[in-house]
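>
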Amino acid sequence: MEWIVRSARKEDLPRCAAIEATAPDPWTESQLAEELAGGCGRLFVACREDQVQGLAVFQLAAGEASLNALTVDPAARRQGAGRALLAGALAALHAEGAHSCFLEVRAGNTAARALYESLGFAAVGVRRNFYQDPAENGVVMTLTIE
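Just so you know, our numbering puts 257 at position 88 of the sequence shown, and the rest follows in order with no gaps.
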């Protein structure tokens with residue numbers, strides 16, 4: 170079954186917050202609502218059988234997108250949701266004028282780094298001790314969206 174990627178709606182936020190709660194640095198429902206209502210925030214969800222299984226939180230300004238969070242429900246991981254979500258979101262952001270995308274990822278998150286690299290992101294720097302609980306370096310990655 171195919172993944173459907175679409176812009177998040179207000180009614181998706183409780184499910185998105187529940188998925189986020191499984192992440193090391195989760196966004197709360199109120200934070201997600203603030204991003205959804207803001208002018209620069211862009212939230213996307215990956216759905217299967219009308220059930221939200223993953224979300225991505227971006228900021229879009231001046232032709233640059235920043236990925237702030239990408240979280241997939243643990244039960245739906247390793248099924249292509251993250252790849253579909255990121256590819257669909259990047260296509261939608263490009264249609265809105267984004268020419269590049271930046272993100273930071275934990276240095277030890279090899280699965281996420283492999284996903285980003287497979288979609289064309291390249292590491293361009295390291296932020297020492299960027300993450301807490303546990304302390305870990307952040308790898309800065311970028312992609313030119315074409």
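For each residue, glycine too, the CB sits at the ideal point set by N, CA and C. Because the structure is a prediction, the values reported are computed rather than measured.
Skipping 5 residues on each side, what residues in its chain have a beta carbon closer than 6 Å to that of A225?
Working through the sequence shown from its first residue, we reach residue 225 at position 56. Correct list, in chain order: F213, L239, L254 and A258.
> When the Cβ atoms of the segment 257 to 277 are set against those of the segment 291 to 307, are three or more pairs found closer than 8 Å?
Yes, they touch.
> What span of residues does the alpha helix (DSSP H) with A260 cover, start to end?
As a working note, residue 260 is residue 91 in the sequence shown. It spans A250 to A264 - the alpha helix (DSSP H) in which A260 sits, taken as one unbroken run.
> Since H268 contacts T313 with CB under 8 Å, what's their CB separation in whole angstroms?
Here the question's residue 268 lines up with position 99 in the sequence shown. Here the question's residue 313 lines up with position 144 in the sequence shown. That pair is a contact at about 7 Å.
> Measure the alpha-carbon distance for G126 versus W172 and round it to whole angstroms.
Summary: the structure shown does not reach residue 126, with the chain confined to residues 170 through 315, and so no result is reported for it.
> Taking just the CA atoms, how far does G266 sit from G232?
As a first step, residue 232 must be located in the sequence shown, where it is residue number 63. As a first step, residue 266 must be located in the sequence shown, where it is residue number 97. About 5 Å.
> Between E198, A244 and A280, which has its C-alpha nearest R217's C-alpha?
Mapped onto the sequence shown, residue 217 falls at position 48. The candidate whose alpha carbon is nearest that of R217 is A244.
> Considering only DSSP beta bridges, list what A234 is partnered with.
Position 65 of the sequence shown, counted from the start, is the residue given in the question as residue 234. Bridge partners of A234: L229 and C270.
> In angstroms, rounded to a whole number, what distance separates the CA positions of G208 and L262?
Counted from its first residue, the sequence shown places residue 208 at position 39. Counted from its first residue, the sequence shown places residue 262 at position 93. C-alpha separation (whole angstroms): 14 Å.
> Restricting to runs no shorter than 3 residues, where is the beta strand (DSSP E) found entirely within the segment 278 to 303?
Counting only runs of 3 or more, we get 291 to 300.
> With a threshold of 8 Å between beta carbons, is H268 in contact with chain D?
No chain D is part of this structure, which consists of one protein chain only.
> Beta strand (DSSP E) containing A215: first to last residue?
Taking the sequence shown and counting its residues from 1, one reaches residue 215 at position 46. Per DSSP, A215 belongs to the beta strand (DSSP E) from G210 to R217.
> Looking at the secondary structure, which residues open and close the beta strand (DSSP E) in which I314 lies?
Within the sequence shown, residue 314 is the residue found at index 145, counting from 1. Looking at the DSSP string, I314 is not in any beta strand (DSSP E), and its letter there is neither H nor E.
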